[in-house]
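Notes follow the structure.
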Amino acid sequence: MLAAGKYNGHNDPAAVKLHSAAEVRELDRRAIEEEGIPGYSLMQRAGEAAFAVLRDMWGGQGRLLVVCGAGNNAGDGYVVARIARGHGHDVTVVALVAPAKLTGDAARAYADFEESGGTVVGWDPALLRDAGVVADAILGTGLDRELTGRFREAVAVINGSGVPVIALDIPSGLHADSGAVMGVAVRASHTVTFVGLKVGFYVGAGPDHVGTLHFDGLGVPRQVHAQVPARAQRLRRKQFADLLVPRKRSAHKGDHGRVLIVGGGPGMPGAARLAGEAALRCGAGLVTIATHHEHSAAIAAGRPELICRGVSCAADLSPLLRQADMVALGPGLGQSEWAHTVFEAVLELAPRIVIDADGLNLLAAAPRRDDRWILTPHPGEAGRLLGVTTASVQQDRIASACAIAEKFGGVSVLKGAGTLITDGSDPINLCDRGNPGMATAGMGDVLTGVIAALAARIDDCSRAAALGVLAHACAGDIAAARGGELGLIAGDLMEPLREWLNRRD
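Below, the structure is given as structure tokens:
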């Protein structure tokens, strides 16, 4: 995952918006043409911002190897090299593209580098042997095809060298919009990005290639950002300040939502129990679990605050559904005849529904569209909903999340690194919190309970889903900070969920 909070200008709106490559180009254009900021001034600012991060991570020990490719990304590299030489550092610059082929601001950056006494050399893998740090200025956000030739070779050698890498604007080979690896991509230790954060840092393979992310807006005015819509936005707590308020002193359990968890098919009681306890920990006033009759006693014994009802048929479930404000369908449901029966009963009578796990698999087998629900698939389940492979979903997660919302209606929550929440409108919400320790059984069941509890008392399902995802991810980070990521289990999130939702900062 990306290191949280490592952004210059973190409180700037530009550090919340996540842009496509085309949107960043539009920001550049408006800054230059409408605000009168010369393009070369932006490039110089980028070089200075990158050098500031480089100096902190590197400390000037050993030789700086700047690998320059094509376009303005190469220009950024030449600016960094010139600044570093001016500070007395040992710098070697590799030109993968002949400087004579550069145009515009990139050509000017090279000319200034040359005028300062700098020279370039051709690509030679041996240059990595005594380098202290590598600056990746090979290719920028305009990349739309797989790397080949000397570009591919250079990236592969850099990745295999073990030398720390700082990527300028974006790791070369990473698609700025989808986070897809275009054949091969630099695995950076740090990335310094400019003007606007790129969506691809947070989705697909992006988190594995960006390293610690630093952002500098380069002084582009706020009015420019206000004029350019963003493809997505990072979730942050203050978006939900109106929802995270203390209860009234006169509150009673009926004021805070009645949640019904439908799941726990034969032999699978744990998932429903986790979802139910998570709903309680997130403030639901009353939580009932409708489960296979063989599990009701065991679930109640483990968490007596949960009301458990054994159901054998739709008739057993109907009165429970009529009393619920929100239904969570799927944790441990299975795909038995019993599961099909309760699945159809929920879809017929529930006011609003969170669907997860086998509920999604049953929906994939008999697709229908409804705006009552929140769907929470992991990539494999998303693939089944869309009739594509898991790899296809991961290749373009944003497109997949939007396709689910379009096909099935309601709100789509595509889980994974960079969980996405969308009801089909822009911008898409993206959660950049959470950690790899959360990749373990039961975490999705906890999320289902969290979202159900919040949606039971929030009329807006999209906001409830987004807040639920953020709370779940932040609780995971709190739990990992206390005991480490390895061995983190779903039950570890219960107290941190309560803690995060009760914060008053």
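Numbering (this note's numbering), first residue to last: 2 to 506.
For glycine and all other residues, C-beta sits at the position ideal for the given N, C-alpha and C.
Since this is a predicted model, take the numbers as computed values, not measurements.
Rounded to the nearest whole angstrom, the C-alpha separation of residue 420 and residue 96 is 38 Å. Taking a 10 Å sphere around the C-beta of residue 131, we find fewer than 16 other C-beta atoms and assign the residue as exposed. Considering only 166, 164 and 16, the residue with the shortest C-alpha distance to residue 219 is 16. If the five residues before and after residue 71 are omitted, its C-beta is found closer than 6 Å to the C-beta atoms of 98, all from its own chain and listed in chain order. Taken through DSSP and simplified to helix, strand or coil, residue 451 comes out as helix.
A straight line joining the alpha-carbon of residue 506 with that of residue 18 spans about 23 Å. Where residue 195 is concerned, the enclosing beta strand (DSSP E) starts and stops at 191-195.
Using a Cβ distance threshold of 8 Å, residue 273 and residue 286 do not count as a contacting pair.
Within 10 angstroms of the beta-carbon of residue 48 lie 16 or more other beta-carbons, which makes it buried. Cβ contact annotation for residue 296 (same chain, cutoff 6 Å, sequence separation greater than five): 265 and 270, in chain order. Assignment of residue 311 by DSSP, reduced to helix, strand and coil, places it in the strand class.
In the structure shown, residue 370 adopts coil according to DSSP, grouped into three states. Contact annotation, residue 204 with residue 179: C-beta distance approximately 7 Å; criterion of less than 8 Å satisfied. Within 10 angstroms of the beta-carbon of residue 446 lie 16 or more other beta-carbons, which makes it buried.
In this structure, 470 is the residue among 470, 337 and 154 with its C-alpha nearest to the C-alpha of residue 498. When C-beta atoms of the segment 340-353 are compared with those of the segment 315-323, three or more pairs fall below 8 Å, so the two segments count as touching. Under the three-state reduction of DSSP, residue 470 is assigned to helix.
Separation of the CB atoms of residue 187 and residue 160 is rounded to 7 Å, and the pair is thereby assigned contact status at 8 Å. Rounded to the nearest angstrom, the gap between the Cα atoms of residue 54 and residue 426 is 36 Å. For residue 202, no alpha helix (DSSP H) run applies, since DSSP gives it neither H nor E. The Cβ atoms of residue 355 and residue 392 lie no closer than 8 Å to each other. In the three-state scheme derived from DSSP, where H, G and I count as helix and E and B as strand, residue 401 is classed as helix.
Cβ contact annotation for residue 466 (same chain, cutoff 6 Å, sequence separation greater than five): 375, 412, 414, 422 and 452, in chain order. For residue 342, the enclosing alpha helix (DSSP H) covers residues 338-350. Between the segment 164-178 and the segment 140-151, the count of Cβ pairs shorter than 8 Å is three or higher; the stretches touch.
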